[in-house]
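Okay, so here's the structure we're looking at.
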Amino acid sequence: QKELTGYLKNMIDVKKSVYEQVVYDSEIEHEFADELEKNSEVKVFAKLPGWFEVPTPLGSYNPDWAVVIEEDGNEKIYFVVETKGTMYTNDLRSPEAGKIACGKAHFEAIRASRSPAEFVVAEKFNDVIIHVKSDS
Numbered sequence: 002q003k004e005l006t007g008y009l010k011n012m013i014d015v016k017k018s019v020y021e022q023v024v025y026d027s028e029i030e031h032e033f034a035d036e037l038e039k040n041s042e043v044k045v046f047a048k049l050p051g052w053f054e055v056p057t058p059l060g061s062y063n064p065d066w067a068v069v070i071e072e073d074g075n076e077k078i079y080f081v082v083e084t085k086g087t088m089y090t091n092d093l094r095s096p097e098a099g100k101i102a103c104g105k106a107h108f109e110a111i112r113a114s115r116s117p118a119e120f121v122v123a124e125k126f127n128d129v130i131i132h133v134k135s136d137s
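See below:
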């Protein structure tokens with residue numbers, strides 16, 4: 002129910018998101034949002050707001066995206082995606098890499114108990130699609 006705010010220079014117009022525009026924090030996020038918008042398998046996506054936090058022992062963690070993908074005619078896969086410029090956690094700052102590891106463990110735990118949510122670290126949208134196809 003909160004209003005989405007951003008600067009005109011860091012917003013992209015979209016139709017598949019829960020908002021008419023998506024605020025992005027980096028060029029990687031801009032390209033990722035554009036790929037989400039253009040991919041026919043993506044049904045809806047959202048750039049998660051700052052208040053969406055996962056508590057971790059290292060402090061609050063805010064994943065980047067929630068994405069619903071249709072596969073084989075079923076809207077069955079829900080992802081929380083962390084977009085980074087690298088797929089290698091050794092390249093990330095230590096606290097950030099730790100929070101990402103905690104976020105992954107969090108979503109694995111709720112997936113096992115009651116939710117189809119799955120956590121993916123991706124440089125580009127194709128990394129998510131590869132992950133989807135490997136789970137099929």
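Per my numbering, the very first residue in the sequence shown carries number 2; after that it's consecutive. Each residue gets a CB set at the ideal place from its N, CA and C atoms; glycine is no exception.
The Cβ atoms of E83 and E42 do not sit closer than 9 Å to each other. Beta-bridge annotation (DSSP): A98 is not paired with any residue. Assigned with DSSP and collapsed to three states, F53 falls in coil, not helix or strand. Between the segment 102-110 and the segment 14-21 there are fewer than three C-beta pairs closer than 8 Å, too few to call the two in contact. Pairwise C-beta distances place the segment 53-60 out of contact with the segment 24-39, as fewer than three of them are shorter than 8 Å. About 7 Å separates the Cβ atoms of I101 and V122, confirming a contact at the 8 Å cut-off. Taking 9 Å as the cut-off, the beta carbon of Q22 is found closer than this to the beta carbon of I13. A123 has T84 as its beta-bridge partners, per DSSP.
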